[in-house]
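**Student:** Got a structure here, written out as structure tokens. Questions coming.
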Ligand code: GLA
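In the numbering used here, the protein residues as written are 50 to 780.
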């Protein structure tokens, strides 16, 4: 087995490398760990890129040193601390018993191990056998406090992926308080960078947003207790010229679903520091003598040829080595969900005809959304009471699930386990389970409150209730979270440890999910948080798919799904056809366009099938049949973005099979023009030498023609149109 990580003792240089990427770091004078390089693979390193020493005014030097050209304020480092002469943002801030906040990380030793050690209690990328990755653990110490900091770097053998995390252990005799502990720091020397982030809002998630990195500090973060609709835990740094197919791109995705922070600082000499980790907003963590704190991990990738290659590296690692469910490579069922069909106004008798029609049209699963439990007729009550609403299901959930199963469909159900309504038995029995600050009134959001999931007894209560539900013939769970966390306080912790709650909350949710997914391995879990409010790599560890947005409008979805695909594989992204006028935007789009957008993800319907005309039902039947043909390709093929909604009137993307013999292309046009210019779509990822036949037209093309000449987009005098193409190689 060839080594993926080497240490050159003479130069003091660590080199993590495979055929795709290299990462270099070095030991400097005084035991400081410097960053040398992250980028395309190089075979060997001969010391030519050591950081030049230059005297910079007002940049201090190491204690006891007289060399004015050596300063932590400019040196690219692997991990920084606060309280010394590095004035850039620190990776760690630790408060010692005497109130001081200084630390200096000095190299102690290192280990190189095969495989990838597990991070206890956290979602993470894993290995299936120890030969597919190696891990470098570098131990740094702060000699005064005897804190030990382990920096973990795993490089995979066949992927352009490195994972990083850090772990702090208190070997001193007194407790310290962690105020900030980043998972990763990476310092780039003088790069003309642009950042790409994914901000948004409820029903408007993950818009690709690109901006020049300029002097000063910029942060991209969530303080909402979840990864949020508002700023996804993903960032790319790219060159100004980088596009989908060319230019450099560094991508970073945090495997964590709680408060996160990505900080970018361009310093006095235009160097860029990036810090990623748990948000330090209202965060503190008491670390007693002998205890350790493990940060979440970051997946990082480098692409020398644009954003598609960056995204594909993320798609593969998340799909292959983050998602754990038995469904990870299984074709996901086409579902119909009753939310936009009925909202809360349903009962068993009203739902049965939808199930019957679903069966007729080839749909494979019925999902019973919000409103089946407690006495829930609107969103004011019953969260926390996971027992059937007898008015709607007089003979219980099992009876209804038996009906769905008898029609040959799978049966799924919606839950929102982290929440509590004031009007609930759970609240009447356990008012203290509701997270709130003593003597202050908590803030409602959607008339509901958050359970204190940091407490084991709350986790256990919900586990017991949910396991009872799961035993009623359930095949699928949609796990929702319809508000963000506020009024953060836990009765489970003493006053001075209240800064731990945000992180303990998400650890508690992870612990509950670990137990549920282990004990119910056959259930397909779908994540949701008012749509895509918790769409992150951490969540994918437990849930192989997530509802991408409450916005089901086909045109709005182009932007949302395009942005989501920057980091997350298509198999994680669910998309449904809904009724028109669309319930979120009022827009009327053709059924074909709604179908083509939803078929570009994990497909389903979210409307009342019984209200469709015969012709519409026939069209649905055809869509369902068409999706079954391409399902494997869409969910597990290589995804290429060709034209982005942020660039103009058209969007185009395609899916290519691993052997390049099959491809599906979707093109979308938002507005029609009377005399518009002719446009083309150039395909990607095909074998230039193969001849492909487009199945609907029987037209033949070579892969080279499709990629180099492209195909003309249709001239259509109608808004919101789409077209799909299905190519198969012929021998
Ligand atoms: C959230 C989800 C929706 C639906 C409702 C039910 O908004 O994203 O799909 O389940 O909750 O209340």
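Ideal Cβ positions, reconstructed from N, Cα and C, are used throughout, including at glycine.
Say the cut is 7 Å; is the CB of residue 579 nearer than that to a heavy atom of the ligand GLA?
**Tutor:** As a first step, residue 579 is located in the chain shown; it is residue number 530 there, counting from the start. Flag set: Cβ of residue 579 near the ligand GLA.
**Student:** Is residue 418 near the ligand GLA, with its Cβ less than 7 Å from a heavy atom?
**Tutor:** For the purposes of this step, residue 418 is taken as residue 369 along the chain shown, with counting starting at 1. Yes, the ligand GLA has a heavy atom inside 7 Å of this Cβ.
**Student:** Flag residue 585 as yes when its Cβ comes closer than 7 Å to any non-hydrogen atom of the ligand GLA, and as no otherwise.
**Tutor:** Against the chain shown, residue 585 aligns to sequence position 536. Because no heavy atom of the ligand GLA lies under 7 Å away, the Cβ of residue 585 does not count as near it: no.
**Student:** Quick check: residue 681 and residue 380, are their CB atoms within less than 8 Å of each other?
**Tutor:** Walking along the chain shown from the start, residue 681 turns up at place 632. Walking along the chain shown from the start, residue 380 turns up at place 331. Judged by their CB atoms, residue 681 and residue 380 are nearer to each other than the 8 Å cut-off.
**Student:** By Cβ distance below 6 Å, which residues in the same chain neighbour residue 739 in space, the five residues on each side in sequence not counted?
**Tutor:** In the chain shown, residue 739 corresponds to position 690, counting from 1. Within the same chain, residue 739 has close Cβ partners 752 and 778.
**Student:** Count the other C-beta atoms from every protein chain shown that fall within 10 angstroms of the C-beta of residue 68, then say buried if there are 16 or more, exposed otherwise.
**Tutor:** As a working note, residue 68 is residue 19 in the chain shown. Residue 68 should be labelled exposed.
**Student:** Using alpha carbons as the reference points, say which of 459, 674 and 361 lies closest to residue 703.
**Tutor:** Walking along the chain shown from the start, residue 703 turns up at place 654. Of the candidates 459, 674 and 361, the one whose C-alpha sits nearest the C-alpha of residue 703 is 361.
**Student:** For residue 722, is the classification buried or exposed, using 16 other Cβ atoms within 10 angstroms of its Cβ as the cut-off for buried?
**Tutor:** The count along the chain shown starts at 1 and reaches residue 722 at position 673. Classification of residue 722: exposed, given that the 10 Å Cβ count is below 16.
**Student:** Enumerate, from N- to C-terminal direction, the unbroken beta strand (DSSP E) stretches of 3 or more residues contained entirely within the stretch 705-742.
**Tutor:** Runs found: 711-718.
**Student:** According to DSSP, is residue 752 part of a helix, a strand, or is it coil?
**Tutor:** Counting from 1 along the chain shown, the entry for residue 752 is found at position 703. Residue 752 falls in the helix class under three-state DSSP.
**Student:** May I have the straight-line CA-CA distance separating residue 574 from residue 527, to the nearest angstrom?
**Tutor:** Position 525 of the chain shown, counting from 1, holds the residue named residue 574. Position 478 of the chain shown, counting from 1, holds the residue named residue 527. Rounded to the nearest angstrom, the two C-alpha atoms are 6 Å apart.
**Student:** Going by C-alpha to C-alpha distance, which of 286, 768, 289 and 268 sits closest to residue 279?
**Tutor:** The residue you call residue 279 lines up with position 230 of the chain shown. Nearest of 286, 768, 289 and 268 to residue 279, Cα basis: 268.
**Student:** Looking at the strands, I want to know which residues DSSP matches up with residue 310.
**Tutor:** Start at 1 with the first residue of the chain shown, and residue 310 comes out as number 261. Beta-bridge pairing links residue 310 to 270 and 326.
**Student:** My guess is that residue 310 and residue 270 are in contact by the Cβ rule of under 8 Å, so how many angstroms apart are they, rounded?
**Tutor:** Residue mapping note: residue 310 aligns to position 261 of the chain shown, counting from 1. Residue mapping note: residue 270 aligns to position 221 of the chain shown, counting from 1. The pair is a contact, with the Cβ atoms about 4 Å apart (cut-off 8 Å).
**Student:** Measure the Cβ-Cβ separation of residue 466 and residue 519 and say whether it is below 8 Å.
**Tutor:** Counting from 1 along the chain shown, the entry for residue 466 is found at position 417. Counting from 1 along the chain shown, the entry for residue 519 is found at position 470. Going by C-beta atoms, residue 466 is not nearer than 8 Å to residue 519.
**Student:** With residue 368 as the anchor, note down where its alpha helix (DSSP H) starts and where it stops.
**Tutor:** Stepping through the chain shown from its first residue, residue 368 is reached at position 319. Here the alpha helix (DSSP H) through residue 368 covers 355-370.
**Student:** Confirm the yes/no value for this check: CB of residue 588, any heavy atom of the ligand GLA, distance under 7 Å.
**Tutor:** Residue mapping note: residue 588 aligns to position 539 of the chain shown, counting from 1. Every heavy atom of the ligand GLA is 7 Å or more from the Cβ of residue 588, so no.
**Student:** So, helix, strand or coil for residue 576, using DSSP?
**Tutor:** Here residue 576 refers to the residue found at position 527 of the chain shown. Note: residue 576 maps to strand in three-state DSSP.
**Student:** Does the distance from the CB of residue 190 to the CB of residue 370 come in under 8 Å?
**Tutor:** On the chain shown, position 141 is the one that residue 190 refers to. On the chain shown, position 321 is the one that residue 370 refers to. The answer is no: Cβ separation not under 8 Å.
**Student:** Just how far apart, CA to CA, sit residue 437 and residue 459?
**Tutor:** Against the chain shown, residue 437 aligns to sequence position 388. Against the chain shown, residue 459 aligns to sequence position 410. Rounded to the nearest angstrom, the two C-alpha atoms are 19 Å apart.
**Student:** How would you label residue 95, buried or exposed, when you count the other beta carbons within 10 angstroms and need 16 or more for buried?
**Tutor:** For the purposes of this step, residue 95 is taken as the residue at position 46 of the chain shown. Label assigned to residue 95: exposed.
**Student:** Using a Cβ-based criterion (distance less than 7 Å to any ligand heavy atom), does residue 435 qualify as near the ligand GLA?
**Tutor:** By one-based count along the chain shown, residue 435 stands at place 386. Checking every heavy atom of the ligand GLA against the Cβ of residue 435, none is found closer than 7 Å.
**Student:** Could you say which of 131, 171, 165 and 170 lies nearest to residue 152 if we only look at CA atoms?
**Tutor:** As a first step, residue 152 must be located in the chain shown, where it is residue number 103. Nearest option by C-alpha distance: 131.
**Student:** According to DSSP, residue 202 sits in a beta bridge with which residue or residues?
**Tutor:** Position 153 of the chain shown holds residue 202. DSSP, once it has assigned bridges, lists 185 and 213 as partnering residue 202.
**Student:** Along the alpha helix (DSSP H) that carries residue 586, what are the first and last residues, could you check?
**Tutor:** Indexing the chain shown from 1 puts residue 586 at position 537. Residues 586-591.
**Student:** Cβ of residue 387 within 7 Å of any heavy atom in the ligand GLA?
**Tutor:** Your numbering for residue 387 matches position 338 in the chain shown. Using a cutoff of 7 Å, the CB of residue 387 does not count as near the ligand GLA, since none of the ligand's heavy atoms is closer than that.
**Student:** Check the Cβ-Cβ distances between residue 72 and every residue of chain B, and say whether any is below 8 Å.
**Tutor:** Looking at the structure shown, chain B is missing, and only one protein chain is on hand.
**Student:** Hey, would you say residue 479 sits closer than 8 Å to residue 608, going by beta carbons?
**Tutor:** Here residue 479 refers to the residue found at position 430 of the chain shown. Here residue 608 refers to the residue found at position 559 of the chain shown. No.
**Student:** The ligand GLA and residue 599: does any heavy atom of the ligand fall closer than 7 Å to the residue's C-beta?
**Tutor:** Locating residue 599 in the chain shown gives position 550, counting from the first residue. Under cutoff, so the answer is yes.
**Student:** Rounded to whole angstroms, what is the Cα-Cα separation between residue 115 and residue 85?
**Tutor:** Mapped onto the chain shown, residue 115 falls at position 66. Mapped onto the chain shown, residue 85 falls at position 36. Answer to the nearest angstrom: the Cα atoms are 24 Å apart.
**Student:** So, with DSSP's three-state summary, where would you put residue 253?
**Tutor:** Along the chain shown, one-based indexing puts residue 253 at 204. Residue state, collapsed to three classes: strand.
**Student:** So does residue 67 have its beta carbon nearer than 7 Å to some heavy atom of the ligand GLA?
**Tutor:** Position 18 of the chain shown, counting from 1, holds the residue named residue 67. No - the ligand GLA has no heavy atom lying nearer than 7 Å to the Cβ of residue 67.
**Student:** Is any heavy atom in the ligand GLA found nearer than 7 Å to the beta carbon of residue 154?
**Tutor:** Here residue 154 corresponds to residue number 105 of the chain shown, with the count starting at 1. No.
**Student:** From which residue to which residue does the alpha helix (DSSP H) around residue 516 run?
**Tutor:** In the chain shown, the residue the question calls residue 516 occupies position 467. Residues 505-519.
**Student:** Closer than 7 Å to a non-hydrogen atom of the ligand GLA - does that hold for the CB of residue 421?
**Tutor:** As a first step, residue 421 is located in the chain shown; it is residue number 372 there, counting from the start. Every heavy atom of the ligand GLA is 7 Å or more from the Cβ of residue 421, so no.
**Student:** Is any non-hydrogen atom of the ligand GLA found closer than 7 Å to the C-beta of residue 428, if you look at the structure I gave you?
**Tutor:** If you number the chain shown from 1, residue 428 lands on position 379. Yes.
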